[in-house]
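Add 1104 to the 1-based position in the sequence shown for the working numbering, that's all there is to it.
Here a beta-carbon is modelled for each residue, glycine too, at the ideal position from N, C-alpha and C.
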Amino acid sequence: MLLALEQIIVPPGHKLLLKNVSWQQFQDILKNLGESRSARLSYSQGTLEIMTPLPEHEDDKVIIGDFIKAILEEMDIEFRSLGSTTFENEAMRQAVEPDDCFYIQKEAQIRGKKRLNLKIDPPPELAIEIDITSRTKFNNYQELGVTELWRYNGKKIEINILQSGEYVQSETSSAFPNLPIADVLHDFVEQSKVRGRNATMKSFRAWVRGQLARHEQP
1105 MLLALEQIIV
1115 PPGHKLLLKN
1125 VSWQQFQDIL
1135 KNLGESRSAR
1145 LSYSQGTLEI
1155 MTPLPEHEDD
1165 KVIIGDFIKA
1175 ILEEMDIEFR
1185 SLGSTTFENE
1195 AMRQAVEPDD
1205 CFYIQKEAQI
1215 RGKKRLNLKI
1225 DPPPELAIEI
1235 DITSRTKFNN
1245 YQELGVTELW
1255 RYNGKKIEIN
1265 ILQSGEYVQS
1275 ETSSAFPNLP
1285 IADVLHDFVE
1295 QSKVRGRNAT
1305 MKSFRAWVRG
1315 QLARHEQP
């Protein structure tokens, strides 16, 4: 790289695009920035995006992740959340850091592993992106084979299901087909900003239990 990383400043809510970045340069940048950085990286076919999230971006990421954990706990399904782990595949020249991600049905395959290698390990089944300042690029997730991608723009949730290598928008989640997530998620996110996190989580869990009970009835 011609510029040292410490020369690059990306204000919160903004992003920087760098072209013609080799895979080795990308790896060097990851190493130099370290794991405690605030910036998130996305790499696709030589183009590197560096983005620094806004505070509301982080708030929405955390509460939506908590909602998903609550659903899985109420359904008594084992899962593993890996947050903004860097998922990469050198052969595909793709790498991405989701806002949050979950292993659900494939959790047992990566249970206890400290490092994942997408050459042999499966990708996460569900990824979350908060698109307040920019639009998530599909190709990273498509190429890596992430089954389901949720995008939240501060007003609504968009559910995308991977079908034949491409994302198709869906009204329901393949991970939680019996829950009308798209209809209620934004309301619960907004509720958390007024009532607080704990009160909202209690209401959300009650809603989940009610929906599950409806589908258990003969």
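Where ARG1309 sits in the DSSP three-state scheme
helix
Please identify the residue among ALA1174, ARG1219 and ILE1265 whose C-alpha is closest to the C-alpha of PHE1191.
ARG1219
For LYS1210, the three-state DSSP class (helix, strand or coil)
coil
Using 8 angstroms as the cut-off, can you tell me whether the segment 1164-1172 makes contact with the segment 1121-1132, which would need three or more C-beta pairs spanning the two stretches below that distance?
no
Would GLU1252 and GLU1229 qualify as a contact pair, given that the criterion is a beta-carbon distance under 9 angstroms?
Result yes, Cβ atoms of GLU1252 and GLU1229 sit closer than 9 angstroms.
Can you check which of these residues, MET1179, ILE1214, ARG1144 and GLY1269, is closest to VAL1114 by C-alpha distance?
ARG1144
Three-state secondary structure assigned by DSSP to GLU1294
helix
Using the beta-carbon count (16 or more within 10 Å), is ALA1231 buried or exposed?
By the neighbour-count rule (16 or more Cβ atoms within 10 Å), ALA1231 is buried.
ASP1180 by DSSP, collapsed to three states: which one?
coil
From GLN1246 to TRP1311, what distance separates their C-alpha atoms?
32 angstroms
Which same chain residues end up closer than 6 angstroms to TYR1147 when comparing Cβ atoms and leaving out the 5 residues on each side of it in sequence?
PHE1130 and ALA1199
Using beta-carbon positions only, say whether ASP1163 and LYS1306 come within less than 9 angstroms of one another.
By the CB criterion at 9 angstroms, ASP1163 and LYS1306 fall outside the cutoff.
Express the C-alpha separation of LYS1119 and LEU1137 in angstroms, rounding to a whole number.
Rounded to the nearest whole angstrom, the C-alpha separation of LEU1137 and LYS1119 is 16 angstroms.
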